[in-house]
Amino acid sequence: MQNKGAIRLFAILLAIVSLYQLTFTYYTRKVENDAVEFAKRQAGPDAEDQAVRKYELAYLDSIAHEPVYNFLFARKYTYMECKNREINFGLDLKGGMNLILEVKVSDIIEALSNYSQDENFQKAIALAEEREKNSTRDFVTLFGDAFEEVAPNGSLAAIFNTIDLREKVKYDSSNDEVLQVLREESHSAISNAFNIIRTRIDRFGVVQPNVQRLQKDGQVLIELPGITEPERVRSLLRGSANLEFWETYDNQDIYNYLVQANSMTARLEQSKIKPDSVAEAVVEEEAPAATDEDLGLLGEIEADSTAAAVAKDETVRSLFTLLQPSGRATGPVVGVAAERNMNQINEWLQDETVRGVLPRDLKLLWSVKPIPAKDLQYWVTNPVNTRESYFQLVAIRSSSLDGRAPLEGDAISNASDRVSNSGGFEIEMSMNSEGAKTWARLTKANVGKSIAIVLDNYVYSFPTVQNEIKGGQSSITGNFSAEEAKDLANILNSGKLPAPARIVEDTVVGPSLGQEAVNAGLSSFIWAFLVVLVYMVLYYGFKAGVVADLALIANMFFIMGVLASFGAVLTLPGIAGIVLTIGMSVDANVLIYERIREELRAGKGLRLAVADGYKNAFSAIIDSNVTTFLTGLILFLFGTGPIKGFATTLMIGIATSFFSAIFITHLIYDRLLKSEIDIRFSTKFTENLFAKAKIPFVGKRKLFLTISLALIVISIGSLAVRGLKQGIDFTGGRTYVVRFAGQQAVDAAAVYSSVSEAFESANTEVKTFGAANQIRIATNFQVDNTENEADGIVQTALYNGLKPFIGDGVTKEAFLSDYLQSSQKVGPTIATDMRNKAGLAVTFSLLVIFLYILIRFSKWQYGVGAIASLAHDVILVFGLFSLLYSIMPFAMEMDQTFIAAILTVVGYSINDTVVVFDRIREYRNLYPKRPLGEVFDLAMNSTISRTVNTSMTTFIVLLVIFLFGSEVIQGFVFALMAGVVVGTYSSLFIASPIAYNLMKEKEDKVAKAVK
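This is the structure:
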């Protein structure tokens, strides 16, 4: 082997990087374990889980920005920095919430038309929405085609020449010009919606949220681990953006009021410590309000008394212990606070007794952006932790009688970002006529003061008014980056585009179900790993087996390190992908070992046999790994959520197993051979196993093709008569996993009868799911209802349907929190998208594999044989699911995970087929004068040992996952097990015979032509 030094160096560096990345997970877990121990001590042995969790979160909150890991004494990492670098668990492993929000382009277009009731416009919208279900084109294009169809001579300009768009759409604008404006405006609105959603999630306080835009316009994926209040999240995300312009107070005007609030909060906190002093914390009833002249002296007295109280008892907190006041500063900022203290400050400021000492027209709102660390010293005098994020508290003045802002977002007609004269970035905005008048009046009254721009109760900017602004044209300046200026312009534009966000997919996994999935996943992983390690030693002998096992252990270490490096999310299908990689990574070792054994049987010495074994096995390993990697890549491109996790781990596992099996084992053998250690690659039992196999594959090909044809006919017949049980991924609907109290078995038939009536006879399925006291309910009840109330309607119906089984004493809230383990919702639109993507993924994977085989083997007959065997495998697996979906005790539905299983079967099957083809090609070159049938039989018999070993290890691994893994993926693993069986069969009895028939036919034609 050449370049041993470079390979050794790369292996060492990869190991160091993997170890470095995994240490972050270690220290994160260490801190979290300390937090759990602390919480149990503080809450006491009999405390409820909620109380323990509260102490745990408080501990983690306090240590969030403290160093917990010192890397080689060169860099200190805080807990949050370690948390952001750890291996992320998916929601199915630790519980949480996964949503896909959609801002419909049709809603935006209707808003841009000022909700026109033009008959042709409404028909075109309806037609475009119908066509969107089965199209990959953007909605604006579909709308343009639909309008052209329903009104061939119609003018879109007549509809969209509204007040808001009059600067962009003229009466004489062509339809194409109007469509281009609609396309730009809808893109802007969607970008704005994404910014709003991302900001809301960032402020929600979730650790490691994931918010990303999906390929389809208007769709946003949101993953929120650890969420325990899903309804609160739904309400937060579905709310429409509320843009407002407010007058502000100057800090100097209200500082003394805050001093009083500080004293009041100290009394409130002290009363919690000393119950007897509660009366002292209450403001005397009917006490006369202090005048402005009295406030200065009163503030000093209160501050002194507060300081004395705090001096007596250091445990007493107050407003100014968490909020750094800006006593000398001017402007609307009254103080700054660390992010972890903001919730407590909000709680104090909402207290009635605290509100009683503050002006009635005062609103205190937080800035949306943290203060840069370099600017903290300007705002605060006390020492602060610069590793934390600090936010400004802004004083808003509500001057209207109804409490509404004097100017709201609907007044903005256009906003855009631009470079200012000073070289910075600013936002230019224009308003409609009514807004311009209000803006002129507002700016005139506030010259020299600030006006706050507020969105969803967070302050985005508070520019100082220099003079009265007439005409509705103005600019907003600030310390904006290019991205921030663009985002703020989008936010300002949101006022004129009411585009509600709809939840089209919603998955909630309870923490207990997630923990069970973790335990089941780890159990399956450990058992499968041990089984493979033992199998390799038993089959290939102690020394060779241990070398292969070392490669497997290194492979697992590298996989976890690379996952941590990429920030990948580990899901339950991801664990299945890793465990499957264990079985498939053995394939490279098996190929090498079988070639070494052949070389030894040919009489070569050990050193030469090892060298030739690696060399001769390399092409087959390359081909098999590339085809499987291509399948994983297609899964990654077309899949979402857990499927991406499965594809990610599969691709990483293929790359690391190739490196481990080819290079690391070769280095080990070089060292062993130099030490002249005797190595055997078999035991007495396996030494000549399959060595003399002489199965007449070519002679029996008609028998096997007939058997396969019969199985295909049965499968197609079942698919035609029974069809497949489609999951909600492809049909739309909701699924719920409900766990009843106690261990007593629940009658699924009785549950079905009850909930079916509650769901008004909608299509409903009820099955026992895992434990006897746990059921899975799937229904399409209210599937077409896209209103926000639909979720509540279905939950109420579910609760009413299950009342006979949970008892009348259980409230709906208790049922949702204690009995409901997980829920999933998929809207009809997203279901159509998934179905289309699944079809594209399967078709594209077959095409890619055919092209690869064609290029790699230079004969189209190989490609046809491979595709025929893949089609055979897919049809048989589909047929098996069609025959058994109503019999098996686990879910056998056609959904995203099923399609992932099919594509994995395709990858596995082509892996096996490629190895056989590679040996046929090799023997064809070695024995060009032998009959074609003899070459095929010789090649296929020589690969029997490899095929049996690889299939056996992979099947055993999958069987272990099936037996020890979670019920959530039993259907997925069952499909893989079936795929391994039919894939192994087809590579020998379908792909090769068909390739033989085609090649034989061509040879016969050539022979006849020569004669």
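Per this note's numbering, the sequence shown starts with residue 6, numbered consecutively.
Don't be surprised by glycine CBs; every beta carbon is placed ideally from N, CA and C.
Everything numeric in this text was worked out from a predicted model, so none of it was measured.
Buried versus exposed call for residue i [16 or more other C-beta atoms within 10 Å across all chains shown]
i, result
"residue 690", "exposed"
"residue 607", "exposed"
"residue 842", "buried"
"residue 860", "exposed"
"residue 530", "buried"
"residue 701", "exposed"
"residue 472", "exposed"
"residue 878", "buried"
"residue 680", "exposed"
"residue 227", "buried"
"residue 235", "buried"
"residue 93", "buried"
"residue 1092", "As displayed, the chain neither begins before 6 nor continues past 1016, which places residue 1092 out of reach and without an answer."
"residue 431", "buried"
Inter-residue spacing [alpha-carbon to alpha-carbon] between residue i and residue j
i, j, result
"residue 478", "residue 356", "41 Å"
"residue 322", "residue 238", "30 Å"
"residue 820", "residue 544", "53 Å"
"residue 587", "residue 491", "48 Å"
"residue 872", "residue 804", "49 Å"
"residue 629", "residue 620", "15 Å"
"residue 735", "residue 901", "8 Å"
"residue 655", "residue 567", "12 Å"
"residue 708", "residue 23", "51 Å"
"residue 552", "residue 16", "16 Å"
"residue 650", "residue 638", "11 Å"
"residue 344", "residue 761", "48 Å"
"residue 14", "residue 612", "24 Å"
"residue 1011", "residue 940", "19 Å"
"residue 844", "residue 923", "30 Å"
"residue 350", "residue 324", "7 Å"
"residue 38", "residue 564", "25 Å"
"residue 152", "residue 130", "8 Å"
"residue 757", "residue 510", "24 Å"
"residue 341", "residue 47", "30 Å"
"residue 864", "residue 943", "20 Å"
"residue 45", "residue 601", "58 Å"
"residue 305", "residue 372", "For residue 305, the pLDDT reaches just 41, beneath the cut-off of 50, and the residue's location in the model is therefore unreliable, although a value from the coordinates is still provided. Between residue 305 and residue 372, the C-alpha separation is close to 29 Å."
"residue 177", "residue 127", "22 Å"
"residue 537", "residue 546", "13 Å"
"residue 251", "residue 457", "5 Å"
"residue 1005", "residue 846", "33 Å"
"residue 957", "residue 73", "45 Å"
"residue 150", "residue 179", "14 Å"
Min CB distance residue i to chain B below 8 Å
i, result
"residue 806", "No chain B is part of this structure, which consists of one protein chain only."
Residue i in three-state terms, based on DSSP
i, result
"residue 203", "helix"
"residue 399", "strand"
"residue 461", "coil"
"residue 435", "strand"
"residue 16", "helix"
"residue 527", "helix"
"residue 373", "coil"
"residue 415", "helix"
"residue 330", "strand"
Nearest to residue i (by Cα), restricted to the options the options
i, options, result
"residue 2", "942, 623, 706, 598", "Because the chain in this structure spans residues 6 to 1016, residue 2 falls outside the shown range and cannot be described."
"residue 786", "772, 763, 777, 807", "763"
"residue 595", "572, 573, 625, 574", "625"
"residue 909", "556, 759, 987", "987"
"residue 817", "94, 800, 272, 216", "800"
"residue 667", "592, 34, 541", "592"
"residue 615", "102, 898, 684, 27", "684"
Which ranges does the alpha helix (DSSP H) cover as unbroken runs of at least 4 residues, wholly within the stretch 35-120, from first to last along the chain? 54-68, 84-90, 96-99, 110-117
Quick one: which unbroken alpha helix (DSSP H) runs of 4-plus residues sit fully inside the stretch 539-579? Chain order, please. 547-571
Report the residue ranges of all beta strand (DSSP E) runs contained in full by the stretch 740-810; include only those spanning at least 3 residues, in chain order. 769-773, 779-784
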